[in-house]
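Let me begin by presenting the structure, written as structure tokens, before commenting on it.
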Ligand SMILES: [Zn+2]
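Numbering (this note's numbering), first residue to last: 5 to 186.
Below you can see the structure in the form of structure tokens.
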């Protein structure tokens with residue numbers, strides 16, 4: 005950030021009185037510009053035992069597969085965001101079943117909230133941000149071609165829960181920049 009979005013003057017990075025970390029503070033009107041994590045909401049759309057994935061038509065990770073998900077808009081709920089993103093990216097209407105996974109990704113200041121969902125009618129089509137959409141089970145899923153670690157981690161747990169028929173308990177965790185290999 006270089007300029008104040010309130011008055012247009014330059015900002016400087018400093019610790020405001022009573023705070024404990026650096027913020028962008030306007031040199032003129034003194035507005036403190038707080039920056040906080042963004043929420044990415046999405047769905048795990050299921051149809052006849054398979055999961056709908058989209059192949060990305062945009063960077064980053066062009067050509068890789070992902071769940072329909074995206075940044076929340078102002079004034080919408082997480083569920084509405086998940087439904088909207090699924091319609092936009094996969095041309096599919098869903099009914100949300102339950103919240104499935106919450107993952108923090110601290111190094112990029114994002115939080116993922118992914119919902120279990122059912123396709124209403126099995127209809128889907130690639131939206132503007134997708135090259136194609138397709139249904140996969142655990143065996144056919146392109147595990148090596150997934151766009152983001154959070155998607156792989158969620159799907160791994162999802163298919164494990166599905167195989168164990170254990171009612172899909174809420175999954176939570178974090179995605180680290182340099183995951184340990186073990
Ligand atoms: Zn200002």
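Beta carbons are placed, not taken as given, at the ideal position from N, Cα and C, and that holds for glycine.
Each of 8, 10, 11, 13, 30, 32, 33 and 35 has a C-beta closer than 6 Å to some heavy atom of ligand 1; these make up the full list, in chain order. Using a C-beta cut-off of 8 Å, the region 101–109 makes contact with the region 158–176, since at least three inter-stretch Cβ pairs fall below that distance. Following the DSSP letters along the chain, one finds residue 168 inside the alpha helix (DSSP H) bounded by residues 153–168.
The continuous beta strand (DSSP E) containing residue 114 extends over residues 114–123. A contact between stretches requires three or more CB pairs, one per stretch, nearer than 8 Å, and the region 135–143 meets this requirement with the region 46–61. Counting C-beta pairs closer than 8 Å gives three or more between the region 35–49 and the region 88–97, which meets the contact rule. Annotated as distal: residue 134 and residue 65, with beta-carbon spacing of 8 Å or more. By the criterion of a C-beta distance shorter than 7 Å, residue 128 is surrounded in its chain by 56, 94, 95, 96 and 137, once the five residues flanking it on both sides are discounted. In the three-state scheme derived from DSSP, where H, G and I count as helix and E and B as strand, residue 84 is classed as helix.
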